[in-house]
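*Asks:* Before I ask anything, here is the structure I am working with.
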Amino acid sequence: MNEQQPLRGQVIEEETLITLDELCRNCTVRAEEVITLVREGILDPADDALDWERVGRWQFHISSVRRVRTVVRLQRDLGVNLSGAALALELLDRIEALQRRL
């Protein structure tokens, strides 16, 4: 008899914060790439003030993982530039907001 082990996981709240290093590891990108996304307005550190002197201490909302992975896929699979990726993310955000309203 082949018994399956129950799935185990952890519920992650939207307010969960991760460090720049954790974001890079989860998305397999370099810190420079994340910094570029911040400069382009695609990604925002969790704290309101962009302190460029403390880049290594930036924290991001857990939803940033999905945003970075989406940008990476758009660039890799479709050859979309950062401006196109920003537009695609904005449209995806709007669709998600409309779906919540329904």
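Note that our numbering has the sequence shown beginning at 981, numbered continuously upward.
Positions of the beta carbon are idealized from the N, C-alpha and C atoms, including for glycine.
Is it right to say Pro986 is buried, meaning 16 or more other beta carbons lie within 10 angstroms of its own, or is it exposed?
*Replies:* Numbered from its first residue, the sequence shown carries residue 986 at position 6. Looking at its Cβ environment, which holds fewer than 16 other Cβ atoms inside 10 Å, Pro986 is exposed.
*Asks:* Rounding to the nearest angstrom, what Cα-Cα distance links Ala1068 and Glu983 in this structure?
*Replies:* For the purposes of this step, residue 1068 is taken as residue 88 along the sequence shown, with counting starting at 1. For the purposes of this step, residue 983 is taken as residue 3 along the sequence shown, with counting starting at 1. Cα to Cα, the separation comes out at about 43 Å.
*Asks:* Would you tell me roughly how many angstroms separate the C-alpha atoms of Asp1001 and Gly1036, rounded to the nearest one?
*Replies:* If you number the sequence shown from 1, residue 1001 lands on position 21. If you number the sequence shown from 1, residue 1036 lands on position 56. Roughly 8 Å between the two C-alpha positions.
*Asks:* What is the rounded straight-line gap between the Cα of Val1052 and the Cα of Val1018?
*Replies:* Position 72 of the sequence shown, counting from 1, holds the residue named residue 1052. Position 38 of the sequence shown, counting from 1, holds the residue named residue 1018. The straight-line gap from Cα to Cα measures roughly 14 Å.
*Asks:* Taking Cβ positions, are Phe1040 and Leu1023 nearer each other than 8 Å?
*Replies:* Your numbering for residue 1040 matches position 60 in the sequence shown. Your numbering for residue 1023 matches position 43 in the sequence shown. A contact, by the Cβ cut-off of 8 Å.
*Asks:* Can you tell me whether Leu1003 is buried or exposed, with buried defined as 16 or more other CB within 10 angstroms of its CB?
*Replies:* By one-based count along the sequence shown, residue 1003 stands at place 23. Flag for Leu1003 reads buried.
*Asks:* State the Cα-Cα distance for the pair Arg1081 and Trp1038, rounded to the nearest angstrom.
*Replies:* Locating residue 1081 in the sequence shown gives position 101, counting from the first residue. Locating residue 1038 in the sequence shown gives position 58, counting from the first residue. Near 32 Å, if we compare the C-alpha coordinates of Trp1038 and Arg1081.
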